[in-house]
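Below is one structure, written out as structure tokens; comments come after it.
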Amino acid sequence: MITDAPRLRDRVERFEGSWRVPRGFAGWFATVNNSDLGARYMVTSLGFFAAAGVMALFMRLQLSVPENTFLDPETYNQLFTMHGSTMMYLFVVPFLEGLANFILPQMLGARDLAYPRLTAFGYWLYLFGGLVFFSSFLVDAVPDAGWFAYPPLSGIDFSGLAMDFWLLGLGAIELGGIATGIELAVTVLKLRAVGMTLNRVPPLAWAFLIMALAIVVAFTVLLVATLLLELDRAFGFNFFDPVAGGNPLLWQHLFWIFGHPEVYIMFIPATGIVSMIVPTFARRPLAAYLYVVLAMILTGFVSFGLWAHHMFTTGLPLVAAGFFTAASMMIALASGTQVFAWIATLWGSRPRLAAPMKFVIGFVVIFLLGGVTGVMVASVPLDAQVHDTHFVVAHFHYVLIGGVVFPIMAALYYWMPLLSGKLLSERLGTWNFWLTFVGFNMTFFPLHIAGLLGMPRRVYTYPPGLGLEPYNLISTIGAFVLAAGFASLLVNLVLSVRRGVDPPADPWGAGTLEWAVPLPTPNYNFRAPPVVRSLYPLWGAGEGRAEERARDADAATADAAGEAPDADRAIPEGYAAGRWPGVTFDPRLDAIPSTFRATPVTSVIDAVPQGIWNLTGPSYVPILTALGVTLAALGPIVSAYWLSGAGAVLAAVCMAVWLWPTPDERERVLARREREEYEDPPDAPEFSRRLVGKDTAEPGLWGVAMFLGSGAVVYGTLLFAYFYLRLYSGAWPQGAVPLPELALPAAAAVLLLLSGWPVVAGTRAIRRGNARGLKNWLGMGLVLGLAFLGLHVWNVARAGFVPSLNAYASVFHGLAGLVSLMTLLALAIQFAVWLRALRGHFDSVYNAAAQHSGLVWGFTVAANLVAYAVLYLAPRLAGFGS
Amino acid sequence: MSAERGSGAARTVTAAVTGESRANEPAAGRLWFGLLGGPSAWAVAFVSTYLVAESTCVRGGALTTAGVIWLAAALVGAAAAVAAWRAQRTVGGAFANGPLREPQARSDEPVGRRFLSAAGIVLSGTFTVVSLVQSLPLFVGVGC
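One line per chain: the protein sequences are A and B, in this order.
Take any residue in the first sequence, count from 1 to its spot, add 13: that is its number in the numbering used here.
Take any residue in the second sequence, count from 1 to its spot, add 1: that is its number in the numbering used here.
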């Protein structure tokens, strides 16, 4: 153990230096720190929220009286499109991603998220995509086809340049969202504190895990759908054009396969927030933890079985509609389980009614009403009556504002001390709550009645004499009260950050690990990695909680008086051994490693220490990569395809730089440095030896697996499109297109299958330490892969029909194009690994990149074979082809 | 507690969480199947039965296939629940040892497996029932 103070001080200085965030204007673009980027995510999303709110006020003004001319119909269409899209894509999900970025490492006991550069890439892509989206106002080409963009309204015949902003701007945001989803999921699974077994994972971390996995699936579906629509618009494909054999309902299916899980992507973390706040303010553990977690998992799964309940009026078969009704009802059971768990937690307690708790209570009341109307519209007969009326507007605002925005506001009040080092004003918080609660109900409750009276949504005005006037007037007045509520939050944030109360450490007396971090939060979160033994490591069991209660009461009293106690504000050592009963900070691991960024990796189920995950430091590569992707998306909007090409090249070069390790980042070098820091000290703790690099434990493998999961969804989405189009087509292939030939595709498939073998052999060889074998086998795999790609492209080129011919041609070329792209990407990865093999980067222990690229190639072979079977064999199957 | 005592506690915890001897523990694969088998089977069955039902209603035919898919999903879910049940017996009786209280109790034990097995029994069991219930309309004559 380092016992002499100077040596420890030196180590701590080196450690803090390795975690230092670059200063100055240029440094602002290079940071990859989770706290900085999480805060930026949240601030940016609140900016978009404000913009969406102003648009909502304009709409409510327009509807305040019948036959109003404040807005013309076109502007009204633009406003409801931009309002809905901004709230769904630019505010709620990004805010929650930002909160996850910020809070997860602290909550889990990690020093940062799993892939810090991916954090930055996700944020910049979100910001750039949002700016592209909003730049439509500058050129007076504002999207106006709704946040759902149904064709043919969103097709090229009815929506010009405006929809390109929508499709491509949001495409960039979706890509950033998928990147963030992968990162969050891997962080929860692999970077938890030692001892944080699955039943000690805080409910919000579970919620973020489910949210992240749902994002990876749902956003991928939307990304594919938006690309298909853009192909229709820009290149004359026919996925959604019924005249050419396409089907506009295909878009509705794909959109809602994304769109309904999107609701739960927002709602599940909101319930996670509530499950964190309720126990803190009730001063007792969450009741029925197991069932709360299971309810969230169940909701995550079932959310993907609800999509068609948005399509009950499109003529679904009765039996199919029944499936979706039943699934919709199931959600109510899961949500009800959580509500009862919160009530049980609060039952008999004397909760402190501080601002976060007020918003939680408001949430429960409003969400309950929204949930009840949700069950109502899940019923086909009622939905058929109220579909496209203001009843639905009222329902989903009760769910999304009450069910999500209220918990978000609770989260801001609750975690603000970690964000800014200040407590928000309780007095302003009370104003904030009541204005928001009253304003919200004034705005949206009357819309239920207006909807039941038949007032349609998305229509810019209504005639007098239908009894709609009072409800709309009350709603508009309520909207301004609601806006005042949100404005008071803004005022509170600004005032409190500038001259708010300095909180004590753990100001709410909470039990979870994020409150063990010193205030203000250091870049590395924990200097000494924690070892936890409880779901609430900062609380004692049984009688120990009495102390916490007393401390809570003190803090509350001090806060009410406007003077929080300043003792314990920061924990100078970065850890506080023995301070809390359920967590230990081993001083022998304090400030280790000191020369590079790293955090412990643990096993998924029992959080047993496995290895060290090296975290990347500040870099301009993420912002440049995001810029490249954004430029690539901008090309079609400004009809400058050279810009797309330049952007793609920039992104590709940046990705290459990103993934190519510097001499200091190579596995063997890092492993040597790890050994120096962890193993060489004679007093190294016994489990530190497990923490030294071990490829099977590294989160990289999980990241690759999730990336491939997203790839599988891409293939699955196109296959769904293929079969759906086939279902409603009289002949298959359509029109004069002949059945595809079999001979050359069969040869290509054999080549593809063969290309898998050298890759398997190469990875086996390097595990045995045979570096030469790896080089040779990978080289052979590359040759076979290139031969497959060449033959595949040749086959497609000589197919004899162009994509714009009909829907069959479109989906054929779409799927074939996906095969080409995936193969090209996998070959590029393989090529990079081969180059690294030539340079001798790998040996029998350190060969993770080779293993990962083998996994990518294996997936490519399997997915392409399935695609080939569908492309070339399915039309020949009895009962399938014409 | 002093720093010295803290490090002692860390050693105790470490010894527990790194537990070298785990001969009786169920494999992670079985536990994950127990947890996710039921819901995954339900999800696959849901999409498949929707496509089959839509296809049957558009092109004609009987809805029996959809019913069979639901029953298959129920079987997979039941198998997952049984796997989870057997796993929890191996880890020492998840319910008997109080999985509901476990998160709150301070413990040096690596109890994640116990939790996962209990969760699997409940979740896969639930989805087994749901799959069976969702097949009912097909067997009582609800049509296109």
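Every residue, glycine too, gets a C-beta built ideally from N, C-alpha and C.
Every value quoted in this text rests on a predicted model; they were computed, and no experiment measured them.
Closer than 8 Å to chain A by CB, residue i
{"i": "F116 of chain B", "result": "yes"}
{"i": "L76 of chain B", "result": "no"}
{"i": "A144 of chain B", "result": "Per the sequence shown, residue 144 of chain B should be read as Gly rather than Ala. Cβ-Cβ to chain A under 8 Å: yes for G144 of chain B."}
{"i": "W86 of chain B", "result": "no"}
{"i": "V112 of chain B", "result": "yes"}
{"i": "S56 of chain B", "result": "yes"}
{"i": "P138 of chain B", "result": "yes"}
{"i": "A42 of chain B", "result": "no"}
{"i": "Q89 of chain B", "result": "no"}
{"i": "A24 of chain B", "result": "For A24 of chain B, the predicted structure reports a pLDDT of 45, less than 50, and the residue's modelled location is therefore unreliable. A value from the coordinates is still provided. So, not an interface residue."}
{"i": "T50 of chain B", "result": "yes"}
{"i": "F47 of chain B", "result": "yes"}
{"i": "A120 of chain B", "result": "yes"}
Residue i: CB within 7 Å of a non-hydrogen atom of the ligand ZN
{"i": "G30 of chain A", "result": "The ligand content of the structure shown is nil, which means the ligand ZN is not present either."}
Span of the alpha helix (DSSP H), counted from its first residue to its last, around residue i
{"i": "V727 of chain A", "result": "712 to 740"}
{"i": "V510 of chain A", "result": "482 to 512"}
{"i": "A192 of chain A", "result": "174 to 203"}
{"i": "L797 of chain A", "result": "784 to 810"}
{"i": "Y821 of chain A", "result": "820 to 851"}
{"i": "V682 of chain A", "result": "680 to 691"}
{"i": "E55 of chain B", "result": "29 to 60"}
{"i": "S768 of chain A", "result": "756 to 780"}
{"i": "R90 of chain B", "result": "65 to 91"}
{"i": "Y537 of chain A", "result": "Counting along the chain, Y537 of chain A falls outside any alpha helix (DSSP H), and DSSP gives it neither H nor E."}
{"i": "A876 of chain A", "result": "861 to 881"}
{"i": "A391 of chain A", "result": "A391 of chain A -> no alpha helix (DSSP H), and no H or E assigned at all."}
{"i": "P216 of chain A", "result": "216 to 248"}
{"i": "N47 of chain A", "result": "47 to 76"}
{"i": "R114 of chain B", "result": "113 to 140"}
{"i": "D23 of chain A", "result": "18 to 31"}
{"i": "W264 of chain A", "result": "261 to 295"}
{"i": "Q351 of chain A", "result": "331 to 359"}
{"i": "F252 of chain A", "result": "Per DSSP, F252 of chain A belongs to no alpha helix (DSSP H) and is neither H nor E."}
Test: residue i CB closer than 8 Å to a CB of chain D
{"i": "V287 of chain A", "result": "Of the chains in the structure shown, none is chain D; the protein chains are A and B."}
Residue i at chain B interface by Cβ criterion, 8 Å
{"i": "D177 of chain A", "result": "no"}
{"i": "F825 of chain A", "result": "no"}
{"i": "F801 of chain A", "result": "no"}
{"i": "D579 of chain A", "result": "Bear in mind that the predicted position of D579 of chain A carries a pLDDT of just 38, short of 50, making it too unreliable to give a figure here."}
{"i": "I356 of chain A", "result": "no"}
{"i": "A339 of chain A", "result": "yes"}
{"i": "I625 of chain A", "result": "no"}
Start and end residues, beta strand (DSSP E) containing residue i
{"i": "P543 of chain A", "result": "543 to 545"}
Integer Cβ distance of residue i from residue j, believed to fall under 8 Å
{"i": "F253 of chain A", "j": "P164 of chain A", "result": "4 Å"}
{"i": "F71 of chain A", "j": "P635 of chain A", "result": "With a Cβ gap of about 36 Å, F71 of chain A and P635 of chain A do not count as contacting."}
{"i": "G313 of chain A", "j": "A227 of chain A", "result": "6 Å"}
Which ranges does the alpha helix (DSSP H) cover as unbroken runs of at least 4 residues, wholly within the region 581 to 669 of chain A, from first to last along the chain?
-> 634 to 650
Entirely enclosed alpha helix (DSSP H) segments - the region 405 to 450 of chain A, minimum 4 residues | 419 to 433
Looking at C-beta atoms only, is the number of pairs between the region 43 to 55 of chain A and the region 441 to 458 of chain A that lie closer than 8 Å three or more?
-> no
What are the uninterrupted segments assigned as alpha helix (DSSP H) that are 4 or more residues long and contained completely in the region 82 to 156 of chain A, given in chain order?
-> You should have 86 to 98, 106 to 121, 129 to 147.
Is the region 768 to 775 of chain A close to the region 790 to 797 of chain A, with three or more CB pairs under 8 Å?
-> yes
On the three-pair Cβ rule with 8 Å, is the region 199 to 211 of chain A touching the region 109 to 118 of chain A?
-> Contact holds: three or more Cβ-Cβ distances are below 8 Å.
Are the region 266 to 276 of chain A and the region 292 to 305 of chain A touching by the rule of at least three beta carbon pairs closer than 8 Å?
-> no
Does the region 486 to 493 of chain A come within contact of the region 83 to 98 of chain A, defined as at least 3 CB pairs closer than 8 Å?
-> no
Just checking, does the region 528 to 539 of chain A make contact with the region 25 to 43 of chain A on the three C-beta pairs under 8 Å criterion?
-> yes
Would you call the region 499 to 513 of chain A and the region 421 to 440 of chain A touching, i.e. three or more CB-CB distances under 8 Å?
-> yes
Are the region 125 to 143 of chain B and the region 67 to 83 of chain B in contact at 8 Å, needing three or more beta carbon pairs?
-> yes
If you pair each beta-carbon of the region 247 to 263 of chain A with each one of the region 282 to 297 of chain A, do three or more pairs fall below 8 Å?
-> At 8 Å Cβ cutoff, the stretches do not touch.
Just checking, does the region 841 to 856 of chain A make contact with the region 754 to 765 of chain A on the three C-beta pairs under 8 Å criterion?
-> No, because fewer than three Cβ pairs between the region 841 to 856 of chain A and the region 754 to 765 of chain A fall closer than 8 Å, the two stretches do not touch.
How do the region 51 to 68 of chain B and the region 319 to 337 of chain A stand: do at least 3 beta-carbon pairs fall below 8 Å, yes or no?
-> Contact between the region 51 to 68 of chain B and the region 319 to 337 of chain A is established, with three or more Cβ pairs separated by less than 8 Å.
Cβ contact (3+ pairs, closer than 8 Å) linking the region 359 to 377 of chain A and the region 418 to 425 of chain A = yes
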